[in-house]
C-alpha cells in the first residue's frame with residue numbers, strides 16, 4: 002500500500018512538473034523546492050529551517066515524510082499554515098490562510114481558513130500571506146517553482 006501511494010504521488014509530481022514556472026501567476030497554489038539531497042535529509046533540514054524562522058511544527062509524520070506547521074501570524078489577525086511533503090529530492094509546499102468573512106465587525110471578527118492561492122494584487126489577503134512566508138522559503142532556497150494543482 003505504501004509503495005502504491007509513493008508511485009501515485011511520484012506520477013502526480015512528474016506530470017505537474019510540466020507546467021511549473023519560476024514566477025507565480027494568479028491561482029498558483031503549490032510551491033516546489035528541488036534539492037540535491039534525499040527526502041529524509043530534506044525532511045530534517047527544512048523542518049529545522051522552519052523552526053529556526055519562528056514556525057512551530059504542529060504535526061510531523063516521518064513514515065510519510067510530511068509535516069505541517071501551527072498557524073503563524075501573517076499580519077494583524079491574519080494567520081497562515083504550511084503543509085509540506087518530501088518526495089525524493091523535492092519539497093512540496095502548500096499553504097493555508099485565513100480570510101475575514103463578510104459581515105464581520107471589529108468587535109466580532111469571523112475568519113475562515115482556506116487553501117492559499119497566489120494573487121498579484123498587493124491588497125489581497127492571499128498576497129499578505131504570501132509576503133509573510135515567501136522570505137522563509139527563499140532563505141532556504143532561491144530556486145522556487147510555482148504551480149496550480
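Residue numbers (our numbering): 2 to 150.
The C-beta atom is built at its ideal place from N, Cα and C for all residues, glycine as well.
List the DSSP bridge partners of residue 31.
By 1-based counting over the chain shown, the position of residue 31 is 30. Per DSSP, 148.
Beta-carbon within less than 7 Å of residue 76's beta-carbon, same chain only, minus the 5 sequence neighbours each way: which residues are those?
As a first step, residue 76 must be located in the chain shown, where it is residue number 75. 129 and 133, listed in sequence order.
Where the alpha helix (DSSP H) containing residue 141 begins and where it ends:
For the purposes of this step, residue 141 is taken as the residue at position 140 of the chain shown. Per DSSP, residue 141 belongs to the alpha helix (DSSP H) from 126-141.
Would residue 69 and residue 85 qualify as a contact pair, given that the criterion is a beta-carbon distance under 9 Å?
Here residue 69 is taken as the residue at index 68 of the chain shown, counted from 1. Here residue 85 is taken as the residue at index 84 of the chain shown, counted from 1. In contact: residue 69 and residue 85 (Cβ atoms closer than 9 Å).
When you compare only the Cα positions, how much space is there between residue 54 and residue 138?
By 1-based counting over the chain shown, the position of residue 54 is 53. By 1-based counting over the chain shown, the position of residue 138 is 137. Roughly 10 Å between the two C-alpha positions.
Proximal residues to residue 16 (C-beta, below 7 Å), its chain only, five neighbours per side dropped
Along the chain shown, read from residue 1 onward, the residue named residue 16 stands at position 15. Its pLDDT being 49, under 50, residue 16 is placed unreliably by the model, and nothing is read from it.
Exposed or buried, what is residue 81 when buried is set at 16 or more other beta-carbons lying within 10 Å of its beta-carbon?
Position 80 of the chain shown, counted from the first residue, corresponds to residue 81. Buried, because 16 or more other Cβ atoms sit within 10 Å of the Cβ of residue 81.
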